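Chemist: Quick note on numbering: UniProt numbering labels position 160 of the sequence shown as 160, and the sequence is numbered without any gaps.
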Amino acid sequence: MLIIGERINTSRKSIAPAVVARDEAFIAEEARRQLEAGATYIDVNCGTLVEEEPKFLEWLVQTVQAATGDAPCSIDSPNPVALERALKVHHGQPIINSITAEKERFSAILPLVRDFKTRVIALTMNDEGMPESAEERCAIGSGLITELTKVGIPLEDIFLDPMVRPVSTGDHYGQIVFQTIGKMTQEYPGLHTVCGLSNISYGLPARKIVNHTFLVMAMLSGLDSAILDPTDKRLTSLVHASELLLGKDEYAMNYITAFREGRLDI
């Protein structure tokens, strides 16, 4: 399971003031904690600081990579100016989070994905918004894959996001995600699928129960990447156990290693 650590986001109360103050020690500790907990990528997002996003996103990438020995970042912004500044200082191959089938956004982000040879999260939405059905989301996803691969983006560098909506507003929204993941991974072997978890439980009590169960069920449907808090020990324990039971952990070595390193919630 590829884990994108979600904690460095200025929508979190503790992160915004640290970014504005350029508190390197605080951000560095957040990045290191996520990496040590099992994150593959560190997501960096300062979208709430709209007017100063380009300079702060650039600073976040530099600070995170300096603290982690150049661990790759998921650079999270719809702003092409901010993305370009961050990409220019990034070492190694990052993920751009994200591109959509919205014409203006697609045309602005595609050159950055192509020219910087990044990986990319592709959201299944277009100018008409987020579709209601799995069939419509799959159609948008197929279109994005066609356009991205046409300009040389390898399929294995594309992470399709079926987009999660709260089950409190529609009890079918979980099923839509599972159906979209299942169909797209069957049709496009090598394609990655990714999603954020927390939207699924919005408006509900005891949200972690729903989030954790949702992740396990999504993995059963074929999900191989997730944007989550890797310091949530119970959640990452479920990831390791699910990979083991799904036959994706040869000789249980990842599970055993996580146990020996004290990363399982027992």
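Heads up, the beta-carbon is just placed ideally off N, CA and C, and yes, glycines get one too. Only a predicted model underlies this, so the values are computations on that prediction, with no experimental measurement involved.
#1: Have a look at residue 73 and residue 84 and give me their C-alpha separation to the nearest angstrom.
#2: Can you tell me whether residue 20 is buried or exposed? The criterion is at least 16 other CB atoms within 10 Å of its CB, across all chains shown.
#3: Does DSSP put residue 193 in a helix, in a strand, or in coil?
#4: Does residue 268 come out as helix, strand or coil in the three-state DSSP assignment?
#5: Across which residues does DSSP place residue 270 in a beta bridge pair?
#6: Residue range of the alpha helix (DSSP H) that residue 84 falls in?
#7: State the Cα-Cα distance for the pair residue 269 and residue 152, rounded to the nearest angstrom.
#8: Would you kindly work out how many angstroms separate the C-alpha atoms of residue 82 and residue 33, rounded to a whole number?
#9: Can you find the residues in the same chain that come closer than 6 angstroms, C-beta to C-beta, to residue 156, ignoring five residues on each side of it along the sequence?
#10: Of all the options 125, 94, 194, which has the alpha carbon lying nearest to the alpha carbon of residue 112?
#11: Please confirm if the segment 173–191 is in contact with the segment 212–222, defined as three or more CB-CB distances below 8 angstroms between the two stretches.
#12: Along the chain, which unbroken stretches of the beta strand (DSSP E) at least 3 residues long are found entirely within the segment 19–68?
#13: So what does DSSP say about residue 207, is it helix, strand or coil?
#14: Please state whether DSSP places residue 220 in a helix, a strand or coil.
#15: With distance defined between alpha-carbon atoms, name the residue in 25, 141, 207 nearest to residue 64.
Modeler: In this structure, then:
#1: 14 angstroms
#2: Label assigned to residue 20: exposed.
#3: strand
#4: Since the first residue shown for the chain is 1 and the last is 266, residue 268 is missing from the structure and cannot be characterised.
#5: Nothing about residue 270 can be read from this structure; the chain reaches only from 1 to 266.
#6: 80–89
#7: No information on residue 269 is available, as it lies outside the stretch 1 to 266 that the chain covers here.
#8: 25 angstroms
#9: 190
#10: 94
#11: yes
#12: Counting whole runs of 3 or more residues, the segment 19–68 contains the beta strand (DSSP E) stretches 41–45.
#13: helix
#14: Residue state, collapsed to three classes: helix.
#15: 25
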